[in-house]
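In the numbering used here, the protein residues as written are 23 to 239.
Each residue gets a CB set at the ideal place from its N, CA and C atoms; glycine is no exception.
What follows is the structure, encoded as structure tokens:
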């Protein structure tokens with residue numbers, strides 16, 4: 023059992039909520055700034071700029087919230103399944119605002135909720151490994167009963183952050199906060215889904231795999 027299971031459900035919910043709020047503060051703040059510019063009369067050029075900023079920021083905020091709804095939210099009742107087509111849609115929308123390009127090579131099918139949530143959280147993890155951008159390729163082996171997720175991130179100066187590596191290995195980080203909760207949440211999702219996560223690097227390539235536990239039925 024992971025050391026993260028000692029984290030109370032209330033604390034986990036609070037930290038995840040903080041993470042989601044942190045992600046949408048920037049685009050929502052940009053919308054507010056744009057509206058303030060519109061309130062200033064007599065500058066048509068700035069008004070056009072403000073409307074463009076509001077449109078882009080609204081799309082950005084919407085994409086992040088739609089992604090978070092599936093990656094962190096309930097997304098249906100307990101034991102429900104999620105369409106991987108919906109997961110692809112929200113992942114594509116989210117990555118349009120990131121530096122890396124997403125290549126989705128997973129067929130559309132229904133999978134248990136926690137496995138789909140895990141896949142989306144793995145995208146967040148490997149995206150952090152290529153801060154200067156690159157390509158994230160998402161694949162899946164086997165069928166829906168015992169899927170194996172494979173994610174490859176390639177980019178300049180690709181590296182696995184020490185904190186992420188420690189959490190994936192099941193070690194508790196120096197502090198548990200809104201910045202570290204996402205990989206912790208991924209580990210807990212993997213355990214709930216009867217899967218394990220591995221993360222390896224080879225030059226400017228990061229390989230992440232989630233597969234069923236050996237003793238899993």
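- Separation of residue 188 and residue 197 (C-alpha to C-alpha, rounded to the nearest whole angstrom) is 12 Å.
- In the DSSP assignment, residue 233 forms a beta bridge with 218.
- Here the C-alpha atom of residue 83 lies approximately 6 Å from the C-alpha atom of residue 49.
- With fewer than 16 neighbouring CB atoms inside 10 Å of its own CB, residue 102 falls in the exposed class.
- Going by C-alpha positions, residue 152 is about 16 Å away from residue 116.
- Residue 120 sits in coil when the DSSP states are folded into three classes, being neither helix nor strand.
- Residue state for residue 95 is assigned as coil, using DSSP reduced to three classes.
- Residue 119 sits away from residue 215, with the two beta carbons spaced by 7 Å or more.
- Only residues of its own chain outside the window of five on either side were considered, and among them 93, 204, 207, 208, 211 have a CB closer than 7 Å to the CB of residue 143, listed in chain order.
- In the DSSP assignment, the residues bridged to residue 160 are 126, 173.
- Judged by their CB atoms, residue 52 and residue 24 are not nearer to each other than the 7 Å cut-off.
- In the DSSP annotation of this structure, residue 198 is not part of any beta strand (DSSP E), being labelled neither H nor E.
- According to the DSSP assignment, residue 105 belongs to the beta strand (DSSP E) that extends over 103 to 105.
- The beta carbon of residue 166 lies closer than 6 Å to those of 131, 133 in the same chain, with the five residues before and after it left out.
- Rounded to whole angstroms, the Cβ separation of residue 123 and residue 178 is 13 Å, and the two are not in contact under 8 Å.
- Residue pairing by DSSP puts residue 228 in a beta bridge opposite 175, 223.
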